[in-house]
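Engineer: The following block contains the structure, expressed as structure tokens.
Protein chains: 2
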Amino acid sequence: MASFELRAIGRVESPLTDLESAPRQPDEGAPPASLVFEPAMLEALRNLQPGDEVIVITWLDHARRDVLSVHPRGDTSREMEGVFSTRSPHRPNPIGLHRVEITAVEGSRVHVRALEALNGTPIVDVKPVLNEDVGER
Amino acid sequence: MASFELRAIGRVESPLTDLESAPRQPDEGAPPASLVFEPAMLEALRNLQPGDEVIVITWLDHARRDVLSVHPRGDTSREMEGVFSTRSPHRPNPIGLHRVEITAVEGSRVHVRALEALNGTPIVDVKPVLNEDVGER
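One line per chain: the protein sequences are A and B, in this order. Counting from 1 along the first sequence, just add 401 to a position and that's the residue number in the working numbering. Counting from 1 along the second sequence, just add 401 to a position and that's the residue number in the working numbering.
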């Protein structure tokens, strides 16, 4: 099959540095974080503002790509599930989706309220939340 | 900055073949479509079932990567916006997010109710919808 070149456009700055202690989801104690973009991305960022809810797309660079099924949430008492039914970081293309609220924008640095990604995680895209993402149709 | 190898794990099969006439969002007349996965992905798919709502992640292989701002929805009467505030396919990493409902699963072929992606679009990941995606927290 075909492959494509995904390019880091920035990095996460976060107090989270330890994979084992990182929360699995943002409502499980994720801290505030910064999205630090390449200066070349300033034009693409220019309409983002505090209060916006966006989907940050990351590349989970600590994940394994050869895992196709997992125990949900690492709980070995639960039956293995195919990774496409889970949010496991381990999957053929370890893409992370993170819905966040922007709290401040300072040039190419965007502050967000809560993010469960590790410090240094590459950012690959940012999108606004749409109605069909949030089930409001 | 770093780059990463994204691998196609399947393709969209859809009656949509024309970029100009494709709907911009699924509630704008998107037709039913199939997600045709590589046979090697069967294990990762095994818990998907009709009625599941999932996020299909695609690589928008007709998009331009050098575009950083656009007229929203191509409407030149509207002011240019940074692409991270829009769902324009044209962006540094042309990743598509598509929330779909599964209607049937036949081996490595997954049927979905409505999808606005063009025929042949590469699929790179599938994730379940979580509460924080849909704003139910």
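A virtual CB, placed ideally from N, CA and C, is assigned to each residue, including glycine.
Can you list, in chain order, the residues of its chain whose CB lies under 8 angstroms from that of residue 426 (chain A), leaving out five sequence neighbours each side?
Structural biologist: The answer, listed in chain order, is 488 and 517.
Engineer: Check whether chain A comes within 8 angstroms of residue 445 (chain B), counting only Cβ atoms and requiring the distance to be less than that.
Structural biologist: Output row for residue 445 (chain B): interface = yes.
Engineer: Taking DSSP as the reference, what is the three-state secondary structure of residue 486 (chain B)?
Structural biologist: Helix.
Engineer: So, is the C-beta of residue 520 (chain A) closer than 8 angstroms to a C-beta in chain B?
Structural biologist: By this cut-off, residue 520 (chain A) is not an interface position.
Engineer: Answer with yes or no whether the minimum CB distance from residue 413 (chain B) to chain A is below 8 angstroms.
Structural biologist: No, because no Cβ of chain A sits closer than 8 angstroms to the Cβ of residue 413 (chain B).
Engineer: Taking 8 angstroms as the threshold, find out whether the segment 458 to 477 of chain B comes into contact with the segment 431 to 443 of chain B through three or more Cβ pairs.
Structural biologist: Touching, no.
Engineer: Check this for me: beta carbons of residue 514 (chain B) and residue 433 (chain B), under 8 angstroms apart or not?
Structural biologist: Going by C-beta atoms, residue 514 (chain B) is nearer than 8 angstroms to residue 433 (chain B).
Engineer: Can you check whether the C-beta of residue 479 (chain A) is within less than 8 angstroms of a C-beta belonging to chain B?
Structural biologist: No, because no Cβ of chain B sits closer than 8 angstroms to the Cβ of residue 479 (chain A).
Engineer: Who are the neighbours of residue 526 (chain A) on chain B, taking C-beta pairs under 8 angstroms?
Structural biologist: Within 8 angstroms Cβ-Cβ: 485, 492, 493, 494 and 496.
Engineer: Which residues in chain B sit within 9 angstroms of residue 408 (chain A), going by Cβ to Cβ distance?
Structural biologist: Those within 9 angstroms of residue 408 (chain A) in chain B are 402, 403, 404, 405, 466, 493 and 494.
Engineer: Are at least three pairs of beta-carbons, each pair with one atom in the segment 486 to 501 of chain B and one in the segment 443 to 457 of chain B, less than 8 angstroms apart?
Structural biologist: Yes, the segment 486 to 501 of chain B is in contact with the segment 443 to 457 of chain B.
Engineer: Answer with yes or no whether the minimum CB distance from residue 451 (chain B) to chain A is below 8 angstroms.
Structural biologist: Taking Cβ atoms only, chain A never reaches closer than 8 angstroms to residue 451 (chain B), which makes this a no.
Engineer: Does the Cβ of residue 538 (chain B) have 16 or more other Cβ atoms within 10 Å, making it buried, or fewer, making it exposed?
Structural biologist: Residue placement at residue 538 (chain B) is poorly supported in this model, since its pLDDT is 30, which falls under 50; the coordinates still yield a value, given next. Its Cβ having fewer than 16 others within 10 Å, residue 538 (chain B) is exposed.
Engineer: Among residues of its own chain, excluding the 5 on either side of residue 526 (chain A), which ones have a beta-carbon nearer than 6 angstroms to its beta-carbon?
Structural biologist: Closer than 6 angstroms at the Cβ level, and outside the excluded window around residue 526 (chain A), lie 458.
Engineer: Who are the Cβ neighbours of residue 484 (chain B) in its own chain at under 7 angstroms, not counting the five residues just before and after it?
Structural biologist: Excluding positions up to five away in sequence, the list reads 468, 469, 470, 471, 491 and 492.
Engineer: Anything in chain B within Cβ reach of residue 529 (chain A), meaning under 9 angstroms, just list it in chain order.
Structural biologist: Those within 9 angstroms of residue 529 (chain A) in chain B are 485, 486, 487 and 488.
Engineer: Near residue 452 (chain A), what residues of its chain come up, given a Cβ to Cβ distance below 6 angstroms and the 5 sequence neighbours on each side ignored?
Structural biologist: Cβ neighbours of residue 452 (chain A) beyond the five flanking positions: none.
Engineer: Please return the same chain residues whose Cβ sits closer than 8 angstroms to the Cβ of residue 509 (chain B), not counting the five positions on each side in sequence.
Structural biologist: For residue 509 (chain B), where only same-chain residues beyond five positions count, the Cβ hits under 8 angstroms are 411, 437, 438, 439, 440, 442, 443 and 446.
Engineer: Please identify the residue among A:529, A:477 and A:450 whose C-alpha is closest to the C-alpha of residue 507 (chain A).
Structural biologist: Checking every option, the nearest Cα to that of residue 507 (chain A) belongs to A:450.
Engineer: Under a CB-based cut-off of 8 angstroms, is residue 439 (chain B) close to chain A?
Structural biologist: Yes, residue 439 (chain B) counts as interfacial toward chain A.
Engineer: With a CB to CB cut of under 7 angstroms and the five nearest residues on each side skipped, what residues in its chain are close to residue 420 (chain B)?
Structural biologist: If we look at residue 420 (chain B) and ignore the five residues flanking it on each side, its Cβ neighbours are 463 and 519.
Engineer: Could you tell me which of A:405, A:428, A:403 and A:473 sits nearest to residue 501 (chain A), measuring between CA atoms?
Structural biologist: Comparing Cα positions, the closest option is A:428.
Engineer: Can you list, in chain order, the residues of its chain with a C-beta nearer than 6 angstroms to that of residue 521 (chain A)? Leave out the 5 residues immediately preceding and following it.
Structural biologist: These residues qualify, in order along the chain: 412.
Engineer: Out of B:524, B:529, B:528 and B:531, point me to the one whose CA is closest to residue 408 (chain B)'s CA.
Structural biologist: Of B:524, B:529, B:528 and B:531, the residue nearest in Cα terms is B:524.
Engineer: Using the beta-carbon of each residue, which ones in chain D are nearer than 9 angstroms to residue 433 (chain B)?
Structural biologist: The chain inventory of the structure shown lacks chain D, comprising the protein chains A and B.
Engineer: If the criterion is Cβ atoms closer than 8 angstroms, does the pair residue 511 (chain A) and residue 435 (chain A) meet it?
Structural biologist: For residue 511 (chain A) and residue 435 (chain A), yes; Cβs fall inside 8 angstroms.
Engineer: Who are the near neighbours of residue 431 (chain B) in its chain, counting only those whose CB is closer than 7 angstroms to its CB and skipping five residues on each side?
Structural biologist: Excluding residues within five positions, the ones whose Cβ falls inside 7 angstroms are 424, 515, 516 and 517.
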